[in-house]
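Protein chains in written order, with numbering that gives the first Met the number 0: chain S, 0 to 326; chain U, 0 to 326; chain C, 0 to 326; chain R, 0 to 326; chain P, 0 to 326; chain E, 0 to 326.
Number of protein chains: 6
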Amino acid sequence: MAGLIKGPALFLAQFAGDDAPFNTLENITKWAAGLGYKGVQIPTFDPRLFDLDKAAESQTYCDEIIGICADAGVVITELSTHLQGQLVAVNPAYDQAFDAFAPKSVHGNPKARQEWAVDQMLKAAKASQRLGLNVSVSFTGSLIFPFLYPWPQRPEGLVEEAFKELGRRWTPILNAYEDAGCDIAYEIHPGEDVFDGHTFEMFVDAVGGHNRAMINYDPSHFVLQQLDYLAFIDIYHDRISAYHVKDAEFNPTGRQGVYSGYAGWTDRAGRFRSLGDGQVDFKGIFSKLAQYGYDSWAVLEWECCLKSPEQGAAEGAPFIQSHIIET
Amino acid sequence: MAGLIKGPALFLAQFAGDDAPFNTLENITKWAAGLGYKGVQIPTFDPRLFDLDKAAESQTYCDEIIGICADAGVVITELSTHLQGQLVAVNPAYDQAFDAFAPKSVHGNPKARQEWAVDQMLKAAKASQRLGLNVSVSFTGSLIFPFLYPWPQRPEGLVEEAFKELGRRWTPILNAYEDAGCDIAYEIHPGEDVFDGHTFEMFVDAVGGHNRAMINYDPSHFVLQQLDYLAFIDIYHDRISAYHVKDAEFNPTGRQGVYSGYAGWTDRAGRFRSLGDGQVDFKGIFSKLAQYGYDSWAVLEWECCLKSPEQGAAEGAPFIQSHIIET
Amino acid sequence: MAGLIKGPALFLAQFAGDDAPFNTLENITKWAAGLGYKGVQIPTFDPRLFDLDKAAESQTYCDEIIGICADAGVVITELSTHLQGQLVAVNPAYDQAFDAFAPKSVHGNPKARQEWAVDQMLKAAKASQRLGLNVSVSFTGSLIFPFLYPWPQRPEGLVEEAFKELGRRWTPILNAYEDAGCDIAYEIHPGEDVFDGHTFEMFVDAVGGHNRAMINYDPSHFVLQQLDYLAFIDIYHDRISAYHVKDAEFNPTGRQGVYSGYAGWTDRAGRFRSLGDGQVDFKGIFSKLAQYGYDSWAVLEWECCLKSPEQGAAEGAPFIQSHIIET
Amino acid sequence: MAGLIKGPALFLAQFAGDDAPFNTLENITKWAAGLGYKGVQIPTFDPRLFDLDKAAESQTYCDEIIGICADAGVVITELSTHLQGQLVAVNPAYDQAFDAFAPKSVHGNPKARQEWAVDQMLKAAKASQRLGLNVSVSFTGSLIFPFLYPWPQRPEGLVEEAFKELGRRWTPILNAYEDAGCDIAYEIHPGEDVFDGHTFEMFVDAVGGHNRAMINYDPSHFVLQQLDYLAFIDIYHDRISAYHVKDAEFNPTGRQGVYSGYAGWTDRAGRFRSLGDGQVDFKGIFSKLAQYGYDSWAVLEWECCLKSPEQGAAEGAPFIQSHIIET
Amino acid sequence: MAGLIKGPALFLAQFAGDDAPFNTLENITKWAAGLGYKGVQIPTFDPRLFDLDKAAESQTYCDEIIGICADAGVVITELSTHLQGQLVAVNPAYDQAFDAFAPKSVHGNPKARQEWAVDQMLKAAKASQRLGLNVSVSFTGSLIFPFLYPWPQRPEGLVEEAFKELGRRWTPILNAYEDAGCDIAYEIHPGEDVFDGHTFEMFVDAVGGHNRAMINYDPSHFVLQQLDYLAFIDIYHDRISAYHVKDAEFNPTGRQGVYSGYAGWTDRAGRFRSLGDGQVDFKGIFSKLAQYGYDSWAVLEWECCLKSPEQGAAEGAPFIQSHIIET
Amino acid sequence: MAGLIKGPALFLAQFAGDDAPFNTLENITKWAAGLGYKGVQIPTFDPRLFDLDKAAESQTYCDEIIGICADAGVVITELSTHLQGQLVAVNPAYDQAFDAFAPKSVHGNPKARQEWAVDQMLKAAKASQRLGLNVSVSFTGSLIFPFLYPWPQRPEGLVEEAFKELGRRWTPILNAYEDAGCDIAYEIHPGEDVFDGHTFEMFVDAVGGHNRAMINYDPSHFVLQQLDYLAFIDIYHDRISAYHVKDAEFNPTGRQGVYSGYAGWTDRAGRFRSLGDGQVDFKGIFSKLAQYGYDSWAVLEWECCLKSPEQGAAEGAPFIQSHIIET
């Protein structure tokens, strides 16, 4: 008697650190397993936990990684290439800010940075294949996000051209993932050009309806833009192959709405919370995913403006467990 | 027996055109008066209606303008310098798009464009004084709007420095308005750095609490970011000295939320509507303004994604009239 | 083809004044008729408009009153004895404050004041009979309103004894109204012991289910205590024989709820408004009254914390007219 | 890794009784600790648990009290002087009802009762100091609560004078608490003159902004008056130094609203409930308190019209524990 | 400057009667025009107004009908064949009740009744063509409506077979309408097998996606089943070619929900109302129809459980007029 | 210290099967007890679990049944005769579908089927008496359910006559239950003629107010018709003597409302869910039942379109346990 949705799993990115048990894959997987997690999503951009170059080339290394996880009692759910995917497309307004995600050698050189990012993406395809994974999670990057709001009026053709260019950049990458038997499940996220259902549709069109262009469903980003995240599943369930279980809340006031006044996370009307502390209707989400036969992982992504990460991680595993519907 | 709130008035910017009766101040004011408007807000950037250079210098010209309006049966409520105010501060990402608001001579030259804009603002102060007006309406411009969402993480000090710079640019302008006995009522608006209550507070701090830094209250922009526009009045009523009566609606779906997928106005979850067709609680707004003793104008700003401008203007005057509370 | 509900009518109490047209019945009825009112509710406690002593005794005077109204084009809907009814039962805590409603001769003498009030009520029965009216409107007064909230714990039997005493005082009065063929429609109102449905039921029990103990339905007082005023009609429609059309709103904040901090009317979370400016669902009320066959008057009672009485009265008549359902 | 908010704790007043384990401090603290409570709030007016006279004078006694608690495994969170604080100011309408809180020797003698109450308050300051406590909880009492509703019209100056008198009475008491290094956290409560945010502000003004005049935040009393208890925290968090975790619900009908028809607790539209059974959004409250750095106790106050006290107490400790946010 | 949506128009069925002005087409169209209607929808089953047999055969008669309308100042919007369409498919449970819609000669003979109905439908196609109409309105009839609720469990294949049979019956009729250049806009309605969007889709499939199988959009029937009638337009706008402007309300209680206890119309939780008296968001409907370019008629269908038909008709024309959006 | 409401209990009908542990009363009661259930509701129509003929006649058999349950650690809460009660009254439209509930010998013979059903009901009365049970649960059956919606117009007198006939059929059965000291608690359910409060009132009238005609309260059927299931308890609590704890949800869309398009359970807007997964406010229900002194059983009925029965049953027991209020 087992549910189709797998979980609970944990995205390790926000927990990795220089101190034990957060400093090595061995330590952090044991810690995660001890909290009840059955899977981990590995950030390929954190060398404390994972060496992407090595994983792309060496089956031995990948087997070791699998073994470390198995010893801890977890499996790998997906590789994350969020930061590299982001760098596949960067609007110049963010060049400086996003250089931090790339090696120093390409700082100040957007073209080289992009090439590095593409190479990373291709390596992650290989690594996923070696690890036996058929889904990975990433970002689309952004070419025109500063033109989010229609003021000033957008130059004629700006949007169309941007998505065409995204298509040109991502199609070959997606082809490589097809070869590797692996999806790229894009996290729909403000700051990326693909930030809602409408932009995801434009993206899928731009990559010719590529069957590896999938969605990493994360309702927290939808709460923060007040999109109907349950209806989203009704529309796009065929394209959802990953799931970040992340909570959020939106509490507008007379001082702030969605845009939240350039404030930091704690002081924003919209902000991320630990599971169960926000407004996301997880009962509804798990019901819909069960109804549509979603059979991949439910992965906690934790960012909370109030609660400690340790409490957040500890509460997250039983929270997800209690929401899984056995069908 | 007369109400404290004055109205109805009409902002002429969206109506001005090359064909009669929209092509001259004489014609358009007669048309407006015929619909029941008692005041007009004049865009200083539309040469078909108004010559700002002349108005700044010539009392005769200003008296003529007043006379034209009086003949039509309306008064001038405020001068609008939205476009020039916008150009006082422009983020490079929008340089090209915003050049359209400036004379060709300064295109491609942000520094010259800014100087032109400042000069325009100063001229509008003079012109307001000559016209006997104590309020004008404008925009703050924007230095960091592409960093609206906190991804990528904003460079340290970015927000603080941007508002300091806004303060440096606007303080001398505001001083000139003080000399002219006139407010600048800034329209709080996405795309500007002052887009909600929180950013307005930062701006007021940046200009040393200047008593001419006021608000042009427009609820439509608050609906589109889901800010509590009634509570806004409770907090900021002391700084409100102009009022754009403009309707809007926000209907999120599974495809779109606030950000609305780079779509055009008709296809957005959040969009502007004609008075009474949207979701703004005007009964609540007029009640609060009456309660706090707002005694300036209620000016229709019309932009509607569905209805014809003629119908919108014709329905707007009685709509506003019926909402005015005599106290 | 005429609706069963009669209206619009106007309660004159809040409009009577020393200046024309508010200073005589002749003037004020003409003014009311000019606004579109078809009936007037006359306060028997305002000597500028009505002499209750005379009306109780003289058919000639009553015929004159009827004639004055007829000349103006209105009819009398009900006599109001709110203030006298109030004085039939007064808790000592309010003795001083309520003396203002009585003649000086009984000030400081609660027993004499009560006797005066009862006599007034009896005279109003007579007067109603002479005027051909079968409904009057009043208050029950209050014996224990300071014990509204159950802190301190109420003395054993306090509530039961208070309602018994109300029954003893009101039963003979109601009998006199039975003889006069006239209801007393009590306005359910905080400050009175009968302030909601539950207390009205206790009151009806205390007067032995007297068939003249009826309700003057006024939804504004229900909004201000958040009682379900539509369901109220479903339950009590058989006892409703008068209707004050009065609007109200309740806007709680972090500073105030229903009790509204000893504040004055403008500054309270709950406050009265002009028709259409508040939150009362008049469409729902008129529908329910039509459904249950209510066939008496719809009488505007106007108290508004913001709008001028003239505007309130002028807007009230068409407002009521447009809500009347012809069945 | 520990949260800033301390808890769970239990207010002992509603549990103290003549039978074990509710009959002595020793027994009741052991019982509370067995349920998971880490702190107890002690009613100074219950001689079965505490001797205030002795505690004010004897450090030895206070050390014994601390020891009893320590042996049981709990600490003292605050002393409660609700009943004595109530008697510092009593409206004559409630004289008889409130005498029950005072010794027989002062019954029927409001002046002596008040002096006794003030003396009690001063003793509780001393006792708090000896017990090492920097917060106590109490009531302000009431001088004009019968004039809660503005009918009859309040005598000119009534409210202003009442709060001045409250200020005169409480300022010296608060000064004594300042000397003792202890807050008086007033429970905002209908029946007291300080029953919402607005009246609390008037009170603080009346005591000259005294820095020991604090709030014992109890959301149940806000639900019952439909005040926005979350926004309350945004406004008054700097004055909150105690917290009663108490649930409530408000279910208005066609028969009852907030005032609830002189009915007893079970039959009221607004009534108290056990934690989790009512409508209070405790997730929201604990989030806001965490955000604003509240670092004192979360104390269960239990009064429920349906559930047994034993079940209420047993469920309360894990309920509070699960809501505490470690930051 | 004219709106795309045409109106107001009036469906004559509920108004036709034996007394003037409701007894002849000449009289009733003059009456309708006098109320402000610009179009009329004619029930082909009411011989007082229209002779379908003659219209199918005689162009002269049709020209006369057009002339009568033109003289009155209205045009014909659509022919209605609701009753005949109903009889194309009848579940035996309703045989007796539905016989009333057919001529006596076929009573008790379902097969003959069906043949008569099909013949009527074909004649209405001809008549529409002669009258120059490209839309007509009707019902689908019902084969399995008693199996609306899944208890008892429906026999295997029941639904599929029923819709196949509907397809077999309607396809040739729709083909005849194609020949006549006219849509059948089916009113989606409980009692018919096509009662919501889902069943309409099944029907369209059953008739092979026939391009004349369209929708007569009537939101009142959607309110009464709590279907999202605005989202309905988003989904099905391409199939909407007629529009019944009809209001309704749903007010569930503890005694009744949607099914409303076999009660008559006045006593049901869900019931029809006159325009503006119910809960339909007509502002939203007209906005969506304008957005999607609906360019046919807005036709009042009036059935109200409370208001008189005369008042309903008189108020309906300006109500519709004020909602039409000129684009 | 024990609550008045008894539970958790489990209705065995949906769990009985041919495989252990669902195949015998002995096995299934042990399984239920192992999940924490304290009572079982036994379907008298499932021979794998219960032999109604034997139970009606043999006290020995009944004692054995009691013993089997006692050995497992559960008691019998009620006997269920849903299917037999259904067959007491069947509309011809459902004759074929409902035959499945009866023995083959009466298939195609409605009269014989009805007689069999009545005999079953009488036997269940006897069996209940032998088992010491004072409540049983059943259905009323249906004579006119195809006329649920008032289209076509119902034949004159149809409803009245149907309820009279129900009264004639059920009164003698209810009398037999009176003799047996046992209620029939009818489950109010679409498909039965008693499907809401209004029809239950008609039924009680039809059986002369019989004091054994009670209600098996099941909120899931009320959610699916949007009836106010909490107010239902306020009105009918005196007639509630059984309680099915069953969850449901209603999520209307642009395609479906309450009637849900002849779809199967998973694809309906209204559908049943496992406890806690739907929209039923069980906190409110248990509170009201506690308030009104309901002292019978809380019995899980499980039907869920998504979750496995094993998970549903396992989660149900602690869910019910946690909602029981000890008073």
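Even glycine gets a Cβ: it sits at the ideal position worked out from N, Cα and C.
| query | result |
| --- | --- |
| N- and C-terminal bounds of the alpha helix (DSSP H) containing S/VAL158 | 157-179 |
| Coarse secondary structure for P/ALA247, derived from DSSP in three states | strand |
| Distance, U/GLU302 Cα to S/THR23 Cα | 57 Å |
| Chain U contact residues for S/LEU332, given Cβ-Cβ distances below 9 Å | Residue numbering for chain S in the displayed model covers 0 to 326; residue 332 of chain S lies beyond these limits and cannot be assessed. |
| Backbone secondary structure at S/GLN58 - three-state DSSP | helix |
| Contacts that R/ALA289 makes with chain S (C-beta to C-beta distance below 9 Å) | LEU305, LYS306 |
| C-beta neighbour in chain C for P/GLN83, strict 7 Å | no |
| Chain-ordered neighbours of C/SER295 on chain P, where CB pairs are closer than 8 Å | What C/SER295 touches in chain P: nothing, since even the nearest Cβ is about 17 Å away. |
| Spatially closest choice to U/ILE172 from U/ASP237, U/GLY84, U/LYS282, by CA coordinates | U/GLY84 |
| Pairwise C-alpha distance: S/ALA262 and P/MET0 | Reliability of the predicted coordinates at P/MET0 is poor, the pLDDT of 37 falling under 50, and no value is obtained from them. |
| C-beta neighbour in chain R for C/GLY190, strict 7 Å | yes |
| Bridge partners - R/ASN215, DSSP secondary structure assignment | R/GLU186, R/ALA241 |
| Reduced DSSP category for P/VAL279 - H, G, I as helix; E, B as strand; rest coil | coil |
| Three-state secondary structure assigned by DSSP to C/GLN224 | coil |
| 7 Å Cβ cutoff, P/ALA230 in contact with chain E | yes |
| Reduced DSSP category for R/GLY33 - H, G, I as helix; E, B as strand; rest coil | helix |
| Chain R within 7 Å of E/ILE324, Cβ atoms only | yes |
| R/ASP276 burial status per 10 Å Cβ neighbour count (16 or more: buried) | buried |
| Proximity test, Cβ basis, 7 Å: C/GLN13 and chain U | no |
| Those runs of the beta strand (DSSP E) which lie wholly inside the region 57-89 of chain C and span at least 3 residues | 74-80 |
| contact_flag[the region 9-26 of chain P, the region 86-98 of chain P] where n(CB pairs < 8 Å) is 3 or more | no |
| Where P/LYS110 falls, given that 16 or more other Cβ within 10 Å makes a residue buried | exposed |
| Nearest-angstrom Cβ-Cβ length linking R/LEU299 and R/LEU9, presumed shorter than 8 Å | 5 Å |
| Min CB distance R/GLN320 to chain E below 7 Å | no |
| Whole-angstrom distance between E/LEU11 and E/ALA312, CA atom to CA atom | 10 Å |
| Selection of the region 273-285 of chain P by Cβ proximity to chain C, strictly under 7 Å | ASP276 |
| Below-7 Å beta-carbon distance, C/LEU142 vs any chain R residue | no |
| Secondary structure of U/ILE41, DSSP reduced to three states | strand |
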